[in-house]
Structures are given as C-alpha cells and as structure tokens.
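K.L.:
To start, I am sharing the structure in question, which I have written as structure tokens.
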Amino acid sequence: MTIRVDAYTADGMARGVLSCAGHLREALDAVDEVSLERATWQGAQDPEPRAIDTARLAVDDIVVAATDGDPTIPVHAVWHPVHLEVGAYVIDGELPTMPGFDPGRALTRPTGSFVVLRDVRMRRRGRSSWAPLAVSEALVNRYVVELVAAARPLEFLFPGATMVHTEPDVATSA
C-alpha cells in the first residue's frame, strides 16, 4: 500500500509516495526516517519544486505531514481551535479531545510525536512563493512547536512550547 505525503520541514517541503501499510501517523511513529518515492523537493528559497527520485527525511525533522489517504480523525471528539507557530510556519486548525476531557486531571498522556489537526491552514511566514496549505487533516510534530495559542491548557501536549491562553473557545463536536 502507498500513501501520498506532503512533508514540511524547516528546510523545505517534500511531496512523494510512502510505501507502508496502515495510516501515516502509525508509519511516522514506527521509524526514524521515511523515504518518499517519486518525490519533489522545494527548498525554503526555491521558487518552484524540482523532481527528485527519493526524498529521505528524518521523522524528527518533519514539522507537518499531510496526506489524502484514510483519515485518522477521531469519530467522537470535541474540537478546539488552536494556533501554532513552528519556526517559519504558522498553523491554525482544530485539535480533538474526548468529550469531558480535563487536561488537569488526565492520567493518560499522548503517545507518539505527532498530533492530528483538522481544517488545517498553514502558511510560511514572510514568503509569498509558497502557496498556503489548506487540508482537512494534518499531523503536527508536537515536539517542535514553539508557541501554542488556545483556550484549553495544552502544555502537556506540546512540551517546550510557550502557551498563550486565549478567550474560551466554542468547541464543536464531530
């Protein structure tokens, strides 16, 4: 099975096909490096992507990964608006929690390096040569996020990030 992947790093964006079984999140959590076949690469300073055979990316270097494959969005979730800043990227989307979730009392903590967001809008700060990303779902590397603005306390989800508490959000259920 193959998954089409757009992988954004601090240095640029790779687009290609990942050979794996299952969902993208499982694949990213299972390895230290991914190889995207039939790939293109667009560096941070490149005006256009260029074709390359294979893009090898360390999973830890991936900031955001998006795919058009099977969604991994939780079915019974409450969604909260979140604003993230990671290096040159600004990301807005909605983060899922389970109904009744209280982060201050939660015993379970997230596993894996990536968290899912829905209705994602991402742009590169100060660069007009890259079209903004707008996808229904994306995975964000929670360990590289520098700033989080949200109404919910999310420090446990994004360790090391500066937390900016915003006005209470109007969460939506899906």
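Going by my numbering, the letters in the sequence shown line up with residues 16 to 189, in that order.
Glycine residues also receive a C-beta, built at the ideal position from the N, C-alpha and C atoms.
1) Specify, as a first and last residue, the run of the alpha helix (DSSP H) that Leu43 falls within.
2) Quick one: what does DSSP say Val160 is sitting in, helix, strand or coil?
3) From this set, Arg53, Pro62, Phe129 and Ala165, which residue's C-alpha is nearest Val46's C-alpha?
4) Ordered along the chain, which non-local residues of its own chain (more than five positions away) have a Cβ less than 6 Å from that of Ser188?
5) Is Val176 near Glu161, with beta carbons less than 8 Å apart?
6) Less than 8 Å between the CB atoms is what I'm expecting for Arg19 and Thr82, so what's the real figure, rounded?
7) In three-state terms, what does DSSP make of Asp26?
8) Determine the DSSP secondary structure at Asp75, reduced to helix, strand or coil.
9) Assuming contact is defined by CB atoms lying nearer than 8 Å, are Val149 and Leu72 in contact in what I supplied?
10) Measure from the alpha carbon of Gly141 to the alpha carbon of each residue in Ala103, Ala42, Leu33 and Ala80, then state which is nearest.
P.N.:
In brief:
1) Leu39 to Ala45
2) coil
3) Phe129
4) Bear in mind that a pLDDT of 46 at Ser188, under 50, signals an unreliable position, so the model cannot answer this.
5) According to the sequence as given, residue 176 is Ala; it is not Val. Yes, Cβ-Cβ distance for Ala176 and Glu161 is below 8 Å.
6) 6 Å
7) coil
8) helix
9) Looking at the sequence provided, one finds Ala at residue 149 rather than Val. No; because the gap between Cβ atoms is not below 8 Å, this pair is not in contact.
10) Ala103
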